[in-house]
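Following full-length UniProt numbering, the numbering of the sequence shown begins with 1 at its first residue and continues without gaps. Using N, Cα and C, we set each Cβ at its ideal position, and we do this for glycine too. Below is one structure, written out as structure tokens; comments come after it.
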Amino acid sequence: MARSGSRLFATYLVASLLPLGALATLLLEGVHDDATKQGQDQGMAQAAVIAEMAVAPALDDADLGRGLTEDQRESLAKATDLALYHGSVLRMRLRNFAGQVVYSDDGSTSGGVPVSDPAFHSATVGSAAATLIADDTAAGGQVIRVLQPVFARASGEAIGVLELYLPYDKIDQRLHEQMVVTYWRLGGGLGVLYLALGLISWSTTRSLSRYAARQEHEALHDGLTGLPNRVAFRQRAAAAVQDQSGGAVVVVDLNRFKEVNDTLGHHAGDELLRVITARLRGGLRPQDTAARLGGDEFALILPGLGADAVREMLESLRAVLTSEVVLDGVPLTIEASFGIALFPEHGDDVEELLRHADAAMYQGKRGTADIVVYTGERTAHPTQWLVVQAELRHALERDELVLCYQPKVRLADGTICGVEALVRWQHPERGLLPPSEFLPAAEQSGLIEPLTAWVLRRALADQAAWTAAGRDWTVSVNVSARNVEAADFTGVVESLLAEFGTAPDRLILEITETAMVDDKVTALTAIRRLADGGVGFSVDDFGTGYTSLDRLRGVPLVELKIDRTFVATVLDEPENQAIVHAVIALSRGLGCRVTAEGVESAEIADWLAAAGCDEAQGYYYSRPMPWAQISVPMPEEAIR
């Protein structure tokens, strides 16, 4: 970086000479032009004096068109002899407006400036003109030619043109002396300017070098921990793999790190990450690399080690990482999961190794071992999220998704009052996939937003069809926390309602209770805006999350859905009966209806109806199916 800065400084200095040289040339040309102009002005001043003080009095208002009398010639010769003798005038001609020479110092009657010359014409109308011309007979090789109008003393009008040739050598000498002084001043000024530019360039290049070094460091390091980031990790891992000495890539994920942020605050989480960083650095060899991939996920590069050596090192490292730490006065013990991918055994590509190490790490999180070595596809993530996300993106483009609907039955009369839209994926190789096979992967990426938009569009299109067929059903669509927290979610819903002409109260958006735990101002604002417009909101799987009653009070709801875990055994477990009664009572207080999920028998449906439950859905009534296959009305055995 220092060598690059020196080259930049040298280049800057050389490059600055070019504009300075151009500036110096321009200034010198300007000074030279000014000097020439000054010489011409001096010649014009001298000619004006001669014309006014010597020539005009000698002419005594002569008519130059007719020529001069002998007395006028003698008088003019006497008046100008002194100037000619002393060399202040080299040659002189007096001409009338027709261009005829009426008097010359050498007696010639021809020559001189042509009448057509603009300078001659200017003199005839009263304007003097001076020109620096070459003359081999004059000292210095240059003379000043002046065309000076001659004015009559009585009338003040121009009566002729005085053509004078004045020496330039003395004027040039004086101007040269002035120019030398000017050149020195100009050179000194430009020299000072060059030095100033040099100092500025030196300071600038140093600042740029420091800035570039800082930017390079920031681009390759994590701002919080100072560890190499994901980009730097890939570079170092690629170098380690190419070294062909073998080794391991390890993914380290902290367990329950989110609880620290939620309970003690993000400042405590940041401090914990710094503590973990220090412990990682202290437990590694100098040739090893620890990097932060993001959040609470770290990665290690352990070159030159086999599986047993890696395990032994990580056992020691785990003991260091999991030792107690005190944050904000609270003693904590943080556990970590380690996933190991060996190279070249498990791959020779960094992304492949990271994917395998990540799969091994998740295998550890699901099991009892904190340190897991990748052993093939059986340790991969159950839904293979990376692959699923890529395939799901193409599935949206190829329209491979399908919607099924499960009816919601009014317990009072057994009629269908609405349906819930449930998405399926008609995978070209794996067949029809349930939501559990791809929704978790979508929720971990930006795919959940276009996926939800697709479900909303298809559900509203189907609803328009069944409404036209005389079936006045509401449609419920599940949305995730990422949806309601998206800035444009309300706009998407409102535009789709307008596109299909759907009354807002015919759409119900179901949000899981666990999603509501992460509710933020943006999400609540979106919910209230849509609810004010008539869209209904339902809490799905109620009772399985951690929603506080205070959170429910702030959300405008039309429905609470009792999770199937309480409904399935409600006939046999008094605790579940008490929970169902409590949820029904809560719904009455909140002013919304209550729906039971997972109803699979007539006995459960009867018990729920007797308990005051409003609606139910489950396999007892119907499995999810295309809307056209849903029976209307429901079978007699389902009506109670």
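Beta carbon of residue i nearer than 7 Å to that of residue j
i	j	result
residue 325	residue 275	yes
residue 47	residue 164	yes
residue 124	residue 145	no
residue 600	residue 618	yes
residue 93	residue 101	yes
residue 395	residue 310	no
residue 364	residue 370	yes
residue 291	residue 227	yes
residue 143	residue 135	yes
residue 477	residue 338	no
residue 562	residue 596	yes
residue 408	residue 573	no
residue 435	residue 423	yes
residue 54	residue 80	yes
residue 250	residue 283	no
Per DSSP, cross-strand counterpart(s) of residue i
i	result
residue 92	164
residue 343	247
residue 337	253
residue 542	562
residue 615	410, 595
residue 148	162
residue 292	298
residue 132	144
residue 405	421, 625
residue 416	409
residue 537	509
residue 221	228
Where the beta strand (DSSP E) through residue i begins and ends
i	result
residue 510	507-512
residue 478	474-479
residue 297	297-303
residue 235	Premise fails: residue 235 lies in the alpha helix (DSSP H), 230-242, not in any beta strand (DSSP E).
residue 327	325-327
residue 331	330-332
Element boundaries [alpha helix (DSSP H), containing residue i]
i	result
residue 269	266-283
residue 59	56-59
residue 287	Premise fails: residue 287 is in no alpha helix (DSSP H) and is neither H nor E.
residue 575	574-590
residue 315	307-321
Collapsed DSSP secondary structure at residue i in the structure displayed
i	result
residue 565	helix
residue 629	helix
residue 622	coil
residue 120	helix
residue 19	helix
residue 375	coil
residue 102	strand
residue 503	coil
residue 263	helix
residue 518	Here the model assigns residue 518 a pLDDT of 44, short of 50, so the residue's position is not dependable and the matter cannot be decided.
residue 489	helix
residue 382	With a pLDDT of only 47 at residue 382, under 50, the local geometry of the prediction cannot be trusted, and the value read off the model is given with reservation. Coil at residue 382, not helix or strand.
residue 198	helix
residue 191	helix
residue 127	coil
residue 471	coil
residue 207	helix
residue 529	helix
residue 69	coil
residue 156	coil
residue 110	coil
residue 547	With a pLDDT of 48 at residue 547, under the threshold of 50, the modelled position of this residue cannot be trusted; read the value that follows with caution. Three-state result, residue 547: coil.
residue 495	helix
Min CB distance residue i to chain C below 7 Å
i	result
residue 266	The displayed structure is made up of one protein chain only, and chain C is not part of it.
Near the ligand COA: residue i beta-carbon under 6 Å from a heavy atom
i	result
residue 310	This structure lacks the ligand COA, and indeed carries no ligand of any kind.
Margin query: Which runs of the alpha helix (DSSP H) at least 4 residues long sit entirely within the region 421-468? Give them in chain order.
Written below: With a minimum length of 4 residues, the continuous alpha helix (DSSP H) runs that stay inside the region 421-468 are 439-443, 448-468.
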